[in-house]
Amino acid sequence: MYEPAPPRPKKTNIYRSRTGCKVCRQRRKKCDERKPCGLCMKLGVSCEQILPTFEFRSVIGSSKSRKAGVRQGTLRRQPDRPSDKPVDTTWTPPKHARFSSPKIGGPDILLNEDTTPETDLSLFYALDVHNGNRETLTGSRPLEESSHLRIVDGMSLSLTPSCLLQQRTNDVVRFYMNAWEVHCVPALNLSFEFMAIRGHSSLITDAMATLAANRLSRKLPQRRLFNSSDSPWFSFRPDSGHECLSSELYGSALRKMVRWSSEEFDLYPMLAFVVLVLFCYVESSMGNFKEFYTHSQGVENLLKKSANLVFPHGAGLLAAWVEVKMQNWWRRAYFGVPEFFEAYTDPLLDPKLQLILDTDSGRTATILWILCESHRLNTAARIACWARARQPDNGRTTRKSTVFTDNTASSPEHTMPFSEFVALMEMYSEKLEMWRVSFPDWIEVTGNPNCPKYLDLRSPENEAIYFPSHKLAMNMAYYVAARVMHCSGPLESFASASIHNIDDIYEETEAWIFILLRIAAGISWEECISLNAYTIGFAGLLLSCALCSRRLETGLWIEEWLENRLEPGRFEEGNFPVFQILDAVRLINRERRNGVDVVSLFQTVDDGGGRGKFGSYSSQRIWSMLVYGRCRSTGELISYYVSTRGLADTIGGIEM
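In terms of the UniProt record's numbering, the sequence shown opens at residue 1 and continues consecutively.
(1) To the nearest angstrom, how far is it from the Cα of residue 593 to the Cα of residue 378?
(2) Measure how close the beta-carbons of residue 619 and residue 643 come, nearest whole angstrom, since I'm counting them as under 8 Å.
(3) If you draw a straight line from the C-alpha of residue 475 to the C-alpha of residue 466, how long is it?
(4) Flag this pair as yes or no: are the beta carbons of residue 543 and residue 482 separated by less than 8 Å?
(5) Around the C-beta of residue 205, are 16 or more other C-beta atoms found within 10 angstroms, so that it is buried, or is it exposed?
(6) Let me confirm a value: residue 305 is counted as buried when at least 16 other C-beta atoms fall within 10 Å, else exposed. Which label applies?
(7) DSSP has residue 602 in a bridge; who is on the other side?
(8) Ordered along the chain, which non-local residues of its own chain (more than five positions away) have a Cβ less than 6 Å from that of residue 424?
(9) Does any C-beta atom of chain D lie closer than 8 Å to the C-beta of residue 540?
(10) Taking the alpha helix (DSSP H) that residue 236 falls in, what are its first and last residues?
(11) Are there 16 or more other CB atoms within 10 angstroms of the CB of residue 2, so buried, or fewer, so exposed?
(12) Between the Cα of residue 659 and the Cα atoms of 597, 5, 369, 610, which residue gives the shortest distance?
(13) Short of 7 Å in beta carbon distance, which residues of its chain neighbour residue 253, apart from the five on each side in sequence? Order them along the chain.
(14) So, helix, strand or coil for residue 255, using DSSP?
(15) Residue 531 to residue 374, Cα distance in whole Å?
(16) Span of the alpha helix (DSSP H) holding residue 422?
(17) Is it the case that the segment 212-221 contacts the segment 169-188, given that we only count it when at least three CB pairs across the two stretches are under 8 Å?
(18) Exposed or buried, which one is residue 515 when buried takes at least 16 other CB atoms within 10 Å?
(19) Classify residue 466 as helix, strand or coil using the three-state DSSP reduction.
(20) So for residue 176, helix, strand or coil by DSSP?
(21) Straight-line CA distance for residue 554 to residue 579?
(22) Which word fits residue 402, buried or exposed, when buried means at least 16 other C-beta atoms lie within 10 angstroms of its C-beta?
(23) Taking its Cβ as the centre, do 16 or more other Cβ atoms sit within 10 Å of residue 328, making it buried, or is it exposed?
(24) So what's residue 637 in DSSP terms, helix, strand or just coil?
(25) Nearest-angstrom Cα distance between residue 337 and residue 609?
(26) Could you pull out every unbroken alpha helix (DSSP H) segment of at least 4 residues lying fully inside the segment 290-335, listed in chain order?
(27) Between the alpha carbons of residue 259 and residue 300, how many angstroms are there, rounded?
(28) Go to residue 338, then tell me how far its alpha helix (DSSP H) extends in each direction, as first and last residue.
(29) Among 602, 589, 612, which one has its Cα closest to the Cα of residue 339?
(30) When you compare only the Cα positions, how much space is there between residue 170 and residue 251?
(31) To the nearest angstrom, how far is it from the Cα of residue 477 to the Cα of residue 517?
(32) Residues in its own chain within less than 6 Å of residue 307 by CB, not counting five upstream and five downstream?
(33) I'd like to confirm something about residue 211: is its beta-carbon nearer than 7 Å to some heavy atom of the ligand NAD, or not?
(34) Measure the C-alpha to C-alpha separation of residue 4 and residue 30 and round it to an integer number of angstroms.
(35) Please state whether the Cβ-Cβ distance between residue 273 and residue 316 is less than 8 Å.
(36) Measure the Cβ-Cβ separation of residue 318 and residue 269 and say whether it is below 8 Å.
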């Protein structure tokens, strides 16, 4: 009546024992858990126990739509949405790439068109540009659902973390390499253009993708769910998806780098040089000063050991490294402690490397170096004047030398006359003049800055200066800011603690500052945001000049200029939080109304530059500052602590 039941299928790939010995697992027998077990004793073999081990692997789960398929017509899309437009999936090289550049080989796998699989990909990223046009990046796997994309601030589209995490590693790297072309290359030194083509070392590719992912994360702010600060600007953070992927790619690059031996560094010095410079850019973008100094020291050691193999082909990358090194020093100076500036005898750049910067790609690096050296000496001279004011009977300033790292090391005390500061400033003033003479596209500013008109009756907007390119405008701004630092009149008034004929003493300084305000009135803020990502920003120059001016009108103009440009999505300029600069300018104006000219601002505690900017737009939380000021009525040099709370105006809800 009934037939016998069919045999059950044998589960051949399942071990019956999960905690037994190795032999029992291989023979798929139940182990009695003895040591040795009964089966091993019967077979006369050794009973080997299996110990648990850790195994790290990347596991990418398939999306639900890829497993079961997506039903057509389940999602209704508006016909006028930009995401409905067809996307070209063919990758074309950038027009500005130099295909004649040789490949940079190394001990890791090279990526080229043969090793990178061609798949039907359409991850795209709509780019925001200043004229309102949109450009599409093509790259990775198609997006089955429109929910993968979201509009941010009505100007750009961002990929959600779940979307990118579902893609293969090559697809993610391909996406960020396209983002590198548009978001990173225009803001970087010209030497990076040759790395835009495919076919380079995978180590370089991972480093470039890391920087691109980091750049995208900082251009797409997200509102925090919880905010512990009263300031409305701390209620935003960079895009967490791109930021996490940047960390993943950076970890991949670091793992490849640590596998190198010292012999491989000697065999591939150019590859090591490129990677270390890219690492410096990544750490500087994240505000990790300690890690930046580590990679930067590696660059210096490599140049000392293999300079003949790196140059002359690496001169452009040297200029790029100097640019980010100077930007990192500027951000460390705002805001640091007075001891940070006391090692004025230690130059920021090795004198042997200064001669290599005299190239087309090194002009910006040269002016940045001169500006930072001038700022460092100017601030050190101010500190010396305040130290001597506390010791009126001592004509010399006693100091302890410190190094420009997080760990300060003291050296034997010695004295230095104030005249040596002036001599060093004159030396850099001559270097600045040599740089200006060698500049081919220099535009002379109308009017002699040494004989200005009545500045109170002039408006920067009515005399705005416009330049044919943003790079030329920034070079001019760096030059003017350096000229402000070279004005010796204010330093001499600090040394003498006198305000006799103070307006005449500050005449040249105020004239150069007014030229900088005219440049600010004509410069494009959108270009400052996008093109000053890896150099000193314009807002930082305005802060330094606000400290050098005595006119309240100048500070108020700078404050209004910053307030009109600070908005969501525009929190950083020059890799520096604009709202922090705005708070400092407000503090300067508040104290000036109270009868004190703020000359320098310092931190009360040395925090080494902060804890980094992962998940934040600022690496520092500053609640109080040390003020070096001068009484406007008596000329007395004073120093005191002031709270920074309450500087930000009450701002309503910020819509994203």
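We treat Cβ as the ideally placed atom computed from N, Cα and C, and that holds for glycine.
On the basis of the coordinates in this document:
(1) Sequence index remark: in the sequence shown, residue 593 carries index 593 (1-based). Sequence index remark: in the sequence shown, residue 378 carries index 378 (1-based). Their backbone Cα atoms lie some 25 Å apart in a straight line.
(2) As a position in the sequence shown, residue 619 is number 619, starting the count at 1. As a position in the sequence shown, residue 643 is number 643, starting the count at 1. Contact flag wrong, Cβ pair sits at about 20 Å.
(3) Numbered from its first residue, the sequence shown carries residue 475 at position 475. Numbered from its first residue, the sequence shown carries residue 466 at position 466. Each residue's CA atom was taken as its position, placing residue 475 and residue 466 some 13 Å apart.
(4) Taking the first residue of the sequence shown as position 1, residue 543 is located at position 543. Taking the first residue of the sequence shown as position 1, residue 482 is located at position 482. No. Outside cutoff.
(5) What you label residue 205 is simply residue 205 of the sequence shown in a count that begins at 1. Its Cβ being crowded by 16 or more others within 10 Å, residue 205 is buried.
(6) Within the sequence shown, the letter at position 305 stands for residue 305. Under this definition residue 305 is an exposed residue.
(7) Numbered from 1 along the sequence shown, position 602 holds the residue referred to as residue 602. Answer is 626.
(8) As a first step, residue 424 must be located in the sequence shown, where it is residue number 424. Setting aside the 5 residues that flank it on each side, residue 424 is surrounded in the same chain by 377, each with a C-beta closer than 6 Å to its C-beta; the list follows chain order.
(9) Protein chains in the displayed structure number just one, and chain D is not present.
(10) Your numbering for residue 236 matches position 236 in the sequence shown. Residue 236 -> not in any alpha helix (DSSP H); beta strand (DSSP E) instead, spanning 236-238.
(11) Against the sequence shown, residue 2 aligns to sequence position 2. Around the beta carbon of residue 2, fewer than 16 other beta carbons sit within 10 angstroms, so the residue counts as exposed.
(12) There is no way to answer for residue 659, as the model of the chain reaches only from 1 to 656.
(13) Taking the first residue of the sequence shown as 1, we reach residue 253 at position 253. Here the set comprises 203, 206, 207, 210.
(14) Sequence index remark: in the sequence shown, residue 255 carries index 255 (1-based). Residue state, collapsed to three classes: helix.
(15) Here the question's residue 531 lines up with position 531 in the sequence shown. Here the question's residue 374 lines up with position 374 in the sequence shown. Cα to Cα, residue 531 sits roughly 24 Å from residue 374.
(16) In the sequence shown, counting from the first residue as 1, residue 422 sits at position 422. Per DSSP, residue 422 belongs to the alpha helix (DSSP H) from 418-438.
(17) At 8 Å Cβ cutoff, the stretches touch.
(18) Position 515 of the sequence shown, counting from 1, holds the residue named residue 515. By the neighbour-count rule (16 or more Cβ atoms within 10 Å), residue 515 is buried.
(19) Within the sequence shown, numbered from 1, the residue matching residue 466 stands at position 466. Residue 466: coil per DSSP, three-state reduction.
(20) As a first step, residue 176 must be located in the sequence shown, where it is residue number 176. In the structure shown, residue 176 sits in a helix (DSSP, three-state: H, G or I).
(21) Numbered from its first residue, the sequence shown carries residue 554 at position 554. Numbered from its first residue, the sequence shown carries residue 579 at position 579. Computed Cα separation, rounded: 18 Å.
(22) Within the sequence shown, the letter at position 402 stands for residue 402. For residue 402, the pLDDT reaches just 30, beneath the cut-off of 50, and the residue's location in the model is therefore unreliable, although a value from the coordinates is still provided. With 16 or more other Cβ atoms within 10 Å, it is buried.
(23) For this step, residue 328 is matched to residue 328 along the sequence shown. By the neighbour-count rule (16 or more Cβ atoms within 10 Å), residue 328 is buried.
(24) Position 637 of the sequence shown holds residue 637. Assigned with DSSP and collapsed to three states, residue 637 falls in strand.
(25) On the sequence shown, residue 337 is found 337 positions in, with the first residue counted as 1. On the sequence shown, residue 609 is found 609 positions in, with the first residue counted as 1. If I take the Cα positions, the gap works out to 10 Å.
(26) For the segment 290-335, the continuous alpha helix (DSSP H) assignments of 4+ residues that do not extend past its boundaries occur at 315-333, in sequence order.
(27) Against the sequence shown, residue 259 aligns to sequence position 259. Against the sequence shown, residue 300 aligns to sequence position 300. C-alpha separation (whole angstroms): 21 Å.
(28) Position 338 of the sequence shown holds residue 338. Neither: residue 338 is in no alpha helix (DSSP H) and is coded neither H nor E.
(29) Here residue 339 is taken as the residue at index 339 of the sequence shown, counted from 1. Among 602, 589, 612, the Cα nearest to that of residue 339 belongs to 602.
(30) Here the question's residue 170 lines up with position 170 in the sequence shown. Here the question's residue 251 lines up with position 251 in the sequence shown. Residue 170 and residue 251: Cα-Cα distance of roughly 15 Å.
(31) For this step, residue 477 is matched to residue 477 along the sequence shown. For this step, residue 517 is matched to residue 517 along the sequence shown. Cα to Cα, the separation comes out at about 9 Å.
(32) On the sequence shown, position 307 is the one that residue 307 refers to. In its chain, beyond the 5 residues on either side, no residue has a beta carbon closer than 6 Å to the beta carbon of residue 307.
(33) Absence of the ligand NAD from the depicted structure is noted, as is the absence of any ligand whatsoever, leaving it without description.
(34) Taking the sequence shown and counting its residues from 1, one reaches residue 4 at position 4. Taking the sequence shown and counting its residues from 1, one reaches residue 30 at position 30. The alpha-carbon atoms of residue 4 and residue 30 are separated by roughly 28 Å.
(35) Locating residue 273 in the sequence shown gives position 273, where the first residue counts as 1. Locating residue 316 in the sequence shown gives position 316, where the first residue counts as 1. Going by C-beta atoms, residue 273 is not nearer than 8 Å to residue 316.
(36) As a first step, residue 318 is located in the sequence shown; it is residue number 318 there, counting from the start. As a first step, residue 269 is located in the sequence shown; it is residue number 269 there, counting from the start. The Cβ atoms of residue 318 and residue 269 do not sit closer than 8 Å to each other.
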